[in-house]
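For reference, the structure is listed below as structure tokens.
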Amino acid sequence: MFLGYNTNGFAHHRLGDALDVLAELGYGGVALTPDVNHLDPHALDLSARTAEFGAGLARHGLRCVIETGARFVLDPRRKHQPTLISPTDELRERRHWFLWLCVRLAEELGAGCVSFWSGAPDDRAAPSDLMTRLVEQCKRLAEEAGRRGVRLAFEPEPGMFIDTMDKFAELHGRVNHPAFGLTVDVGHLVCNGELPVSKFLADWKHVLWNIHIEDMRPGVHDHIMFGEGAVDFADVFAGLRAAGYRDGVYVELSRHSYDAVSTARKARAFLVPYLGERGA
1 MFLGYNTNGF AHHRLGDALD VLAELGYGGV ALTPDVNHLD PHALDLSART AEFGAGLARH
61 GLRCVIETGA RFVLDPRRKH QPTLISPTDE LRERRHWFLW LCVRLAEELG AGCVSFWSGA
121 PDDRAAPSDL MTRLVEQCKR LAEEAGRRGV RLAFEPEPGM FIDTMDKFAE LHGRVNHPAF
181 GLTVDVGHLV CNGELPVSKF LADWKHVLWN IHIEDMRPGV HDHIMFGEGA VDFADVFAGL
241 RAAGYRDGVY VELSRHSYDA VSTARKARAF LVPYLGERGA
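And the structure:
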């Protein structure tokens with residue numbers, strides 16, 4: 001188990017500079033969020049920039065996962081749209097294209113997984129119809145990812161169609177594919193009142209492929225600095241150890257990009273004691 005940091009928290013840095021800073025601070029991994037300023041999927045030189053990013057990871061000995069939560073990468077006017085549950089085939093295909101591209105990036109970079117979510121409904125379809133759309137898209141993506149040896153880690157997200165662990169359980173059962181696993185954002189569990197966090201880490205340890213971490217308050221989906229919320233970090237890390245989790249615990253503080261370096265330094269100083277000797 002090691003600490004990593006999401007590049008969405010370095011939105012005002014060049015990607016190479018962010019890698020340099022995070023390596024200097026002692027992080028062991030990077031959660032890459034392809035975005036308009038970081039490996040823009042629409043860029044003509046994407047392949048060359050991906051190779052450059054991979055070389056930077058290798059130079060610093062950093063591991064990585066691929067995150068897909070860029071806010072306006074597909075639609076400059078609507079945050080996180082379109083999605084896998086959008087009302088038309090054309091809109092769903094745009095999101096699928098982006099996720100497929102991220103699977104390709106993960107394959108090239110040897111990333112641990114591609115993390116993604118359902119999105120929020122954009123029409124008045126019945127929940128059963130939304131679930132049918134999502135299951136169909138997840139199965140398709142899992143088949144494509146599986147053929148490339150890439151794991152998909154689905155993240156329940158407050159405010160989205162799949163927002164709780166119960167709903168994820170239904171989705172996971174219906175997708176039923178070995179390449180389809182789970183991202184747990186510990187703050188989301190606290191926001192939803194799904195406690196203790198360690199219980200869910202234990203229950204899902206067989207497909208627990210990615211962890212997001214920050215502080216958060218009950219009922220408020222706001223990623224805040226460590227020590228300012230209600231997350232029981234002792235319980236979280238005890239649960240991760242009990243689950244045998246060996247991958248990255250990635251700090252997600254996208255709204256702190258204005259003070260990225262100081263935030264990343266403070267975050268690591270806060271979390272390292274919970275990792276024990278290995279983290280230190």
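The sequence shown runs contiguously to residue 280 in UniProt numbering. C-beta: ideal position from N, C-alpha, C; glycine also.
(request) List the endpoints of the continuous alpha helix (DSSP H) containing Thr50. (result) Counting along the chain, the alpha helix (DSSP H) containing Thr50 begins and ends at 46–60.
(message) Taking its Cβ as the centre, do 16 or more other Cβ atoms sit within 10 Å of Leu52, making it buried, or is it exposed?
(response) Note on identity: in this sequence residue 52 is Glu, with Leu being the wrong assignment. For Glu52, the number of other beta carbons within 10 angstroms of its own is below 16, and it is reported as exposed.
(message) With H, G and I counted as helix, E and B as strand and the rest as coil, what does DSSP make of Trp209?
(response) Of the three classes helix, strand and coil, the one that applies to Trp209 here is strand, per DSSP.
(request) Tell me, please, whether the stretch 177–192 touches the stretch 213–232 by the rule of three or more beta-carbon pairs shorter than 8 Å. (result) Output reads yes: the stretch 213–232 touches the stretch 177–192.
(request) Classify Arg278 as helix, strand or coil using the three-state DSSP reduction. (result) Note that Arg278 scores a pLDDT of 48, beneath 50, so its modelled location is shaky; the value from the coordinates is reported in the next line. Note: Arg278 maps to coil in three-state DSSP.
(message) Quick check on DSSP: helix, strand or coil for Val36?
(response) In the three-state reduction of the DSSP assignment, Val36 falls in the coil class.
(request) Can you say whether Val220 is buried or exposed, counting buried as having 16 or more other CB atoms within 10 angstroms of its CB? (result) Around the beta carbon of Val220, a 10 Å sphere encloses fewer than 16 other beta carbons of the protein chains shown; the residue is thus reported as exposed.
(message) To test your reading of the DSSP string, which unbroken beta strand (DSSP E) runs of 3 or more residues are found completely within the stretch 92–142?
(response) Within the stretch 92–142, the beta strand (DSSP E) runs of at least 3 residues that lie entirely inside it are, in chain order, 114–116.
(request) Tell me the start and end of each unbroken alpha helix (DSSP H) in the stretch 218–248 that is at least 4 residues and wholly inside, in chain order. (result) Unbroken alpha helix (DSSP H) runs of no fewer than 4 residues, entirely contained in the stretch 218–248, are found at 233–242, following chain order.
(request) Compute the beta-carbon to beta-carbon distance between Arg148 and Val103, rounded to the nearest angstrom, for a pair I have assumed lies under 8 Å. (result) Confirmed, about 6 Å.
(request) Following the continuous beta strand (DSSP E) through residue 293, name the residue where it begins and the one where it ends. (result) Residue 293 falls outside the range modelled here, since the chain spans only 1 to 280, and no answer is possible.
(request) Could you pull out every residue in the same chain whose Cβ sits closer than 7 Å to the Cβ of Phe10, ignoring the five residues on either side in sequence? (result) The residues Ala18, Ser257, Ala260, in chain order, have a CB closer than 7 Å to that of Phe10 in the same chain once the five nearest residues on each side in sequence are set aside.
(message) I want to know whether the stretch 98–115 touches the stretch 21–40 - three or more CB-CB distances under 8 Å.
(response) A contact exists between the stretch 98–115 and the stretch 21–40.
(request) Given a cut-off of 7 Å, decide if Ala120 and Ile66 are closer than it, judged by their beta-carbon atoms. (result) Result no, Cβ atoms of Ile66 and Ala120 do not sit closer than 7 Å.
(message) Quick check: the Cα distance between Glu136 and His212, rounded to an integer number of angstroms?
(response) Glu136 and His212: Cα-Cα distance of roughly 26 Å.
(request) Can you check DSSP and say which residues form a bridge with Cys64? (result) The partner list for Cys64 (beta bridge, DSSP) reads Val30.
(message) Restricting to Cα atoms, I'd like to know which of Phe116, Leu46, Leu39, His60 is closest to Leu25.
(response) For the residues Phe116, Leu46, Leu39, His60, the minimum Cα distance to Leu25 belongs to His60.
(request) Indicate whether Met165 and Ser118 have their beta-carbon atoms separated by less than 7 Å. (result) In this structure, Met165 sits away from Ser118, with a CB-CB distance that is not shorter than 7 Å.
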